[in-house]
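Here the numbering used here is used: the first residue of the sequence shown is 10, the next is one more, and so on.
C-beta: ideal position from N, C-alpha, C; glycine also.
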Amino acid sequence: MADTMKIEPRSGIDACVRVPGSKSITNRAMVLAGLAEGETVLDGALSADDTGRMLGALAALGFAVAVDDTGERIAIIGEGGRIPAKECDIYAHQAGTVMRFMTAVAALGEGPYRLDGDSRMRQRPIGALADALIRLGAEIAYEGRDGYPPLMVRGPAAGGRVELDASISSQFVSALLLMGPALKGGLGVTLKGGVTSRPFIDMTLAMMRSFGADASWGSGDEIGVREGSYDVPSGGEYRVEGDATAASYFWAAALITGGSVRVENVHAGGLQGDTAFVEVLGEMGASVKADGVGGITVSAGRDFKGVEADMNAIPDCVQTLAVTALFAEGPTRVENVGNLRVKETDRLAALETELAKLGARVTAGADWIEIDPGEGPLHGAVLSTYGDHRMAMSLSLAGLRIPGVEIENPECVGKTFPGFFDVLGRL
């Protein structure tokens, strides 16, 4: 792929799109399959860098894994909560789910297990999760700065009750929950500091139950997990939904170009909270039609106006909304998304910089961002991605309306959606 990708403007898109399998569901399902007893086949799995890193981590821990030629069918033989390898190295690269989930899973084994990532991963905190694992009996040693990778994990951890700061990342919560049934006596988690991205926690609990676990919310911000083995799903297969975050770019493209786009393998009522993004587009003036399990269609309406939105529950769609807001009438303000500053890049700062290159007025605070298209015409620019897949995919949408938009480092979309620019080009 070239160093930059030029986006060609177009109008009135009328398209039907299939998106790859959900990264969030694929990586959770792989962990669950490894902790279950027997073979599970994932169908419709995402084949991308993040999921490849999870497969590599499971293989390093000694699990038997196999992938078909398409990369969309993955077979994993689970060990009933046991970790086969006595020691290993795990490299997560940029995959937060791999770093967080595997830190917890490794605490079920003896160790030592070393976990590391790229330079940005070494800047992303993991201390709150590590502290909870230590209270459950695991040993955690940092090689560099306390609270950040790389780290060494030794187990085995035991069950019990812990408090966890859930304000930084819901992945800390999901990591603990996923290991919960394998802990002697089970697990109780009390969330402190406010809960970020709660739909992802709900996704984890629902998937755990589909593998036979007894796990649910209690009173307030408490979650309980009973001790017990995960079961292989009925028929030995688990079907992965299409990725709702990936779908957000194409839904937004409909509104931006004054057209209509149907994403056929993402449906309302599924596991993913990011389907709620269509409600935000509806507030901006789009028409939304959900076809049961058949897909969701977004079409441009007569109005296209800015909105105020609390997107704490769906932070991965903030960049999509920010670019969509460039073409709305009036400003758009997004609040309660401070955790975007500790993602693959500081996404609020990156948006502030890149959207300003196009001529928009953008201001950001600790946990908010406001986008005002301004009165003058927007203009093309070469936009930086900071190696962040979601910056690349969201910023490309600006080029559907603005001539002269080029995206640097387009290959970074391989983290979660290797074929993104092919699909965008066919709209």
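- Leaving aside the five residues that flank GLN103 on each side, the residues in its chain whose CB is nearer than 8 Å to its CB run, in chain order, ASP58, ASP59, GLY126, ASP127, ARG129, MET130, GLU353, GLY396, LYS424.
- Secondary structure of LEU51 (DSSP, three-state): strand.
- The segment 87-174 is shown to contain whole alpha helix (DSSP H) runs of 4 or more residues at 105-115, 136-144, in chain order.
- Boundaries of the alpha helix (DSSP H) harbouring LEU67: 58-69, taken from the DSSP string.
- As the crow flies, the alpha-carbon of ILE411 is around 12 Å from that of LEU364.
- When DSSP assignments are scanned along the segment 326-383, the uninterrupted stretches of beta strand (DSSP E) that are 3 or more residues long and fall wholly within it turn out to be 341-344, 370-373, 377-381.
- If only complete runs of 3 or more residues are kept, the segment 216-283 shows the beta strand (DSSP E) at 224-226, 231-234, 246-248, 269-272, in order along the chain.
- Bounds of the beta strand (DSSP E) holding ASP23 are 23-26.
- Between the C-alpha atoms of GLY21 and THR394 there is a straight-line separation of about 27 Å.
- In chain order, MET108, LEU124, ASP125, GLY126, MET130, ARG131, ILE135 place their CB closer than 7 Å to the CB of PRO158, counting only its own chain and leaving out the 5 sequence neighbours on each side.
- Partner residues in the beta bridge of THR199, as assigned by DSSP, are GLU172, GLU231.
- Judged by their CB atoms, VAL162 and PRO121 are nearer to each other than the 8 Å cut-off.
- Under the criterion of beta carbons closer than 8 Å, VAL307 and ALA322 do not qualify as touching, at roughly 19 Å.
- A straight-line Cα-Cα distance of about 7 Å links ALA42 and VAL241.
- GLY408 and ALA369 have their alpha carbons spaced roughly 14 Å apart.
- Contact between the segment 318-337 and the segment 269-289 is present, with at least three C-beta pairs closer than 8 Å.
- Boundaries of the alpha helix (DSSP H) around VAL40: 32-44.
- According to the DSSP assignment, ALA299 belongs to the beta strand (DSSP E) that extends over 296-299.
- Of the other Cβ atoms in all chains shown, 16 or more fall within 10 Å of the Cβ of HIS276; this residue is therefore buried.
- Your pair LEU117 and MET188 checks out as a contact, with CB atoms roughly 6 Å apart and the cut at 8 Å.
- Annotated three-state conformation of ARG399 is helix, per DSSP.
- Beyond the five residues adjoining it in sequence on each side, ALA69 comes within less than 8 Å, by CB distance, of ALA94, CYS97, ASP98, ILE99 in the same chain, given in chain order.
- With a beta-carbon spacing of about 15 Å, LYS193 and ALA222 fall beyond the 8 Å limit used to define contacts.
- For ASP78, there is no enclosing beta strand (DSSP E), since its DSSP letter is neither H nor E.
- According to the DSSP secondary-structure assignment, SER308 is paired through a beta bridge with SER269, SER296.
- For GLU17, no pairing in a beta bridge is given by DSSP.
- As the crow flies, the alpha-carbon of ALA101 is around 44 Å from that of GLU384.
- With 16 or more other Cβ atoms from the protein chains shown falling within 10 Å of its own Cβ, ARG271 counts as buried.
- Between ALA137 and ILE177, the C-beta spacing is below 8 Å.
- Between the alpha carbons of CYS421 and MET400 lies a gap of roughly 9 Å.
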